[in-house]
Amino acid sequence: MDALLDRLSERLELPRGARFIFGMDGDRKYRLEELEDGASYVVSSYKTFKDITYMRPGITSE
Numbered sequence: 000m001d002a003l004l005d006r007l008s009e010r011l012e013l014p015r016g017a018r019f020i021f022g023m024d025g026d027r028k029y030r031l032e033e034l035e036d037g038a039s040y041v042v043s044s045y046k047t048f049k050d051i052t053y054m055r056p057g058i059t060s061e
């Protein structure tokens, strides 16, 4: 998971880098095995999930 967070930190503008990944329901993800192909996630610098409407992905295809 650390390697993924490092890569996301390089691609996203976050105040303290990508440190946490949450499902859209706010459930924190701790292991890569918890992530599902095609699902949406929220990446955050902070441990607290903010329950707002997330509609725009922060990463675009290269």
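Residue 34 in numbering that gives the first Met the number 0 sits at position 35 of the sequence shown, and the numbers go up by one each step. Where a beta carbon is used, it is the ideal one built from N, C-alpha and C, also for glycine. Values in this document were obtained by computation on a predicted structure and should not be read as measured data.
Extent of the continuous beta strand (DSSP E) run through serine 43: The count along the sequence shown starts at 1 and reaches residue 43 at position 44. Per DSSP, serine 43 belongs to the beta strand (DSSP E) from 40–43.
So what does phenylalanine 19 bridge to, in DSSP terms? Counted from its first residue, the sequence shown places residue 19 at position 20. Phenylalanine 19 pairs with Ser43.
Using the beta-carbon count (16 or more within 10 Å), is alanine 17 buried or exposed? The count along the sequence shown starts at 1 and reaches residue 17 at position 18. Answer is buried; the Cβ neighbour count reaches 16.
DSSP state of arginine 6 mapped onto helix, strand, coil: Taking the sequence shown and counting its residues from 1, the one referred to as residue 6 is at position 7. Here arginine 6 sits in helix by DSSP.
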